[in-house]
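**Q**
Numbering (the numbering used here), first residue to last: 37 to 203.
(1) So residue 170 is in the alpha helix (DSSP H); what residue range does that whole segment cover?
(2) Measure the C-alpha to C-alpha separation of residue 201 and residue 77 and round it to an integer number of angstroms.
(3) Taking only three categories from DSSP, how would you classify residue 90?
(4) Output the boundary residues of the alpha helix (DSSP H) element that contains residue 69.
(5) Just to confirm, are residue 94 and residue 161 a CB contact at a threshold of 9 Å?
(6) Excluding the 5 residues flanking residue 191 on each side, which residues of the same chain have their C-beta closer than 7 Å to its C-beta?
(7) For residue 140, does the three-state DSSP call read helix, strand or coil?
(8) CA-CA distance, residue 178 and residue 169?
(9) Mapping the DSSP letters down to three states, classify residue 78 as helix, strand or coil.
(10) DSSP three-state call for residue 192: helix, strand or coil?
(11) So residue 115 is in the beta strand (DSSP E); what residue range does that whole segment cover?
(12) Kindly list the residues whose CB is nearer than 6 Å to the CB of residue 145, restricted to its own chain and excluding five residues on each side of it in sequence; keep chain order.
(13) Are the beta-carbon atoms belonging to residue 110 and residue 150 less than 9 Å from one another?
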């Protein structure tokens with residue numbers, strides 16, 4: 037009998053597993069853009085622990101193992117910044133990224149009164165862009181970071197969440 041993946045709030049005890057998973061998951065992005073100095077690969081455990089205490093951090097668990105995570109915070113205008121959506125490579129392409137995205141949206145709307153969601157990804161990160169568009173996000177801007185990387189910013193209104201996740 038197989039185990040089900042559950043999604044719940046991260047705890048301080050999850051910090052090391054999240055950081056290791058983050059390091060694993062961002063290797064492909066670093067290779068794609070030729071830059072291994074990106075923040076997810078240089079973030080310290082202390083920095084991650086501080087994030088756990090400030091915003092909403094969810095984890096996906098398979099038994100005791102953290103196999104996915106996502107973070108979010110809402111500003112004073114009601115805009116939720118969603119970031120670091122990660123899924124273990126062996127668990128990708130099974131809907132877990134979408135489940136995590138829908139879960140963080142719901143939590144940010146319910147607990148933090150989010151009115152809109154915003155996230156960003158690299159311009160060549162086709163899988164990420166496909167996922168975000170599937171969940172109702174639309175491109176609202178592009179910012180050149182350096183000659184190899186432009187960040188694509190996408191947003192959606194919080195009222196679209198239930199529709200997009202069920203579409």
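Ideal placement from N, C-alpha and C gives every residue a C-beta, glycine not left out.
On a predicted model such as this, the values are computed, not experimentally measured, just so you know.
**A** So, from the data block:
(1) The sequence position of residue 170 within the chain shown is 134, counting from 1. Residues 162 to 170.
(2) For the purposes of this step, residue 201 is identified with residue 165 of the chain shown, where counting begins at 1. For the purposes of this step, residue 77 is identified with residue 41 of the chain shown, where counting begins at 1. Bear in mind that a pLDDT of 47 at residue 201, under 50, signals an unreliable position, so the model cannot answer this.
(3) The count along the chain shown starts at 1 and reaches residue 90 at position 54. Residue 90 falls in the helix class under three-state DSSP.
(4) If you number the chain shown from 1, residue 69 lands on position 33. Segment 63 to 69, the alpha helix (DSSP H) holding residue 69.
(5) On the chain shown, residue 94 is found 58 positions in, with the first residue counted as 1. On the chain shown, residue 161 is found 125 positions in, with the first residue counted as 1. Result no, Cβ atoms of residue 94 and residue 161 do not sit closer than 9 Å.
(6) The residue labelled residue 191 in the question sits at position 155 within the chain shown. Closer than 7 Å at Cβ, skipping near neighbours: 152, 153, 154, 173, 174, 176.
(7) In the chain shown, the residue the question calls residue 140 occupies position 104. Note: residue 140 maps to helix in three-state DSSP.
(8) The residue given as residue 178 occupies position 142 in the chain shown. The residue given as residue 169 occupies position 133 in the chain shown. Distance from the CA atom of residue 178 to the CA atom of residue 169, rounded to whole angstroms, is 15 Å.
(9) Residue 78 sits at position 42 when you count from the first residue of the chain shown. Residue 78 falls in the helix class under three-state DSSP.
(10) For the purposes of this step, residue 192 is taken as the residue at position 156 of the chain shown. Three-state DSSP puts residue 192 in a strand.
(11) Position 79 of the chain shown holds residue 115. Residue 115 -> beta strand (DSSP E) spans 115 to 123.
(12) Taking the chain shown and counting its residues from 1, the one referred to as residue 145 is at position 109. Once the five neighbours on either side are set aside, the close Cβ partners of residue 145 are 194.
(13) Taking the first residue of the chain shown as position 1, residue 110 is located at position 74. Taking the first residue of the chain shown as position 1, residue 150 is located at position 114. Yes, the Cβ-Cβ distance between residue 110 and residue 150 is below 9 Å.
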